[in-house]
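In this note's numbering, the protein residues as written are 1 to 123.
We put the beta carbon where it would ideally sit given N, CA and C, even for glycine.
See below:
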């Protein structure tokens, strides 16, 4: 089932805060704590999974047009390239998680949740 995001849609403050806290903690952990994941070096081959798709697409509407359908983290990253809204911590967490999802290092569900939250926050 496809669900359009609109600026009129309300977002629970507690769910947004919870997402932001979890995202900030994950970002802090990935930046400052030794991780069991091996970081890729210049000579390593990195498999990128552009074909990964969410279970349900997200339609982002920004006005009177039909909206843009985003089906996975790779498309979300492309959408974020043209992002004209404020780049909040939630936006940064969504970009980071979508990058990790494309590399197979983050769950698709998490990348979708953060993408939706960042879009709702921008409204």
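Test item: CB-CB of residue i and residue j under 7 Å
i           : j           : result
residue 93  : residue 114 : yes
residue 118 : residue 91  : yes
Cβ distance (whole Å) where residue i is taken to contact residue j below 8 Å
i           : j          : result
residue 112 : residue 54 : 5 Å
C-alpha gap between residue i and residue j, whole angstroms
i           : j          : result
residue 69  : residue 58 : 6 Å
residue 122 : residue 86 : 7 Å
residue 105 : residue 82 : 24 Å
residue 51  : residue 74 : 8 Å
residue 30  : residue 88 : At residue 30, the pLDDT of 46 sits below 50, so the modelled position is not reliable; the number obtained from the coordinates is stated separately. Spanning the two alpha carbons is a distance of roughly 18 Å.
residue 48  : residue 56 : 21 Å
Where residue i sits in the DSSP three-state scheme
i           : result
residue 127 : Summary: the structure shown does not reach residue 127, with the chain confined to residues 1 through 123, and so no result is reported for it.
residue 116 : helix
residue 137 : Since the first residue of the chain shown is 1 and the last is 123, residue 137 is not available in this structure.
Neighbourhood of residue i by C-beta distance below 8 Å, restricted to the same chain and skipping five residues each side
i          : result
residue 77 : 95, 98, 99, 102
Spatial neighbours of residue i in its chain, beta-carbon cut-off 7 Å, leaving aside the 5 residues before and after
i           : result
residue 67  : 4, 59, 60, 61
residue 110 : 97
Proximal residues to residue i (C-beta, below 6 Å), its chain only, five neighbours per side dropped
i          : result
residue 72 : 52, 53, 54
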